[in-house]
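Read left to right, the sequence shown gives residues 4 to 198 (my numbering). These notes are about the structure you will find just below.
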Amino acid sequence: MSKKPEILLVGGGGHCKAVIDVIEQENKFKIAGIVDIKEKIGEKVLGYKIIASDEDLKILSNEYKYAFISLGQIGNCGKRKGLFRQCKDLGFYFPKIISPYAYVSKHSIIGEGTIVMHGAIINAGAKIGNNCIINSKALIEHDAEIEDNCHISTGAIINGGVKVKECSFIGSNTTTKQYITIQKNSFIKAGSVVK
């Protein structure tokens with residue numbers, strides 16, 4: 004049996020716990036450790052050690068091939084986007100992480116560094132960009148397009164043909180009308196109906 008490749012998680016907060024759970028369930032990678040702020044080095048998240056800070060990423064890139072941004076995103080995507088770019092520039096590879104409890108159509112496209120969490124549904128013709136969070140029970144309908152660095156929150160419904168421009172946050176239980184465009188850097192609060 005071949006050895007699972009190791010992956011570094013960048014960001015050790017609440018979202019990191021959800022990412023760990025999906026990675027464990029998917030069972031394709033071994034979590035090597037977590038990168039967070041200096042003050043947290045040595046602490047653990049669900050049994051995985053915080054082994055380094057952002058400043059150590061260059062050194063870590065010599066030892067590890069894979070990384071994943073496990074920092075959450077509510078509102079501003081700047082920090083997640085910056086870390087993703089920094090890690091890419093250092094040569095890290097970003098897999099897509101897909102929960103075995105999600106449904107992802109074989110006729111959809113998922114970008115690198117994107118996570119699809121438990122219970123999410125991504126239907127035929129949908130396109131998801133890089134470094135996105137498709138959170139638990141979110142529905143991305145046919146032909147919808149989610150650009151890079153977006154967070155589609157728990158239970159949100161992105162209906163057919165909707166375009167969500169980059170760096171947008173769509174709150175929990177939001178429902179969109181079909182074939183609309185949600186502008187770049189949008190913040191849609193939980194429970195909204197977007198027409």
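By construction, the Cβ of each residue, glycine as well, lies at the ideal position given by its N, Cα and C atoms.
Secondary structure remark: continuous beta strand (DSSP E) runs of at least 3 residues inside the region 43-128, in chain order: 51-56, 69-72. In this structure, HIS145 is the residue among HIS145, ILE185, GLY194, ASN134 with its C-alpha nearest to the C-alpha of GLY128. Rounded to whole angstroms, the Cβ separation of CYS135 and ILE149 is 6 Å, and the two are in contact under 8 Å. Per DSSP, reduced to three states, the secondary structure at GLY17 is helical.
A direct Cα-Cα distance of roughly 44 Å separates ILE183 from ASN65. Counting along the chain, no beta strand (DSSP E) covers ALA159, and no H or E run does either. The residue among LYS130, TYR51, LYS47 with its C-alpha nearest the C-alpha of ILE26 is TYR51. In the DSSP assignment, the residues bridged to HIS154 are ILE136, PHE172. With a cut-off of 8 Å on Cβ pairs, the region 14-33 is in contact with the region 96-112, counting three or more such pairs.
In chain order, GLY174, THR177 place their CB closer than 7 Å to the CB of SER195, counting only its own chain and leaving out the 5 sequence neighbours on each side. In this chain, the beta strand (DSSP E) harbouring LYS33 covers 33-39. As far as DSSP is concerned, ILE23 takes part in no beta bridge. Look at GLU29 here: in three-state DSSP terms it is helix. In the three-state DSSP reduction, VAL165 falls in the coil class, being neither helix nor strand.
Buried is the label assigned to ASN133, since at least 16 other Cβ atoms lie within 10 Å of its Cβ. Take LYS82, set aside five residues on each side of it, and the residues of its chain with a beta-carbon closer than 7 Å to its own are LEU74, in chain order.
In this structure, the straight-line span from the alpha carbon of ASP57 to that of ASP39 is close to 6 Å. Beta-bridge pairing by DSSP links LYS130 to ILE112, GLU148.
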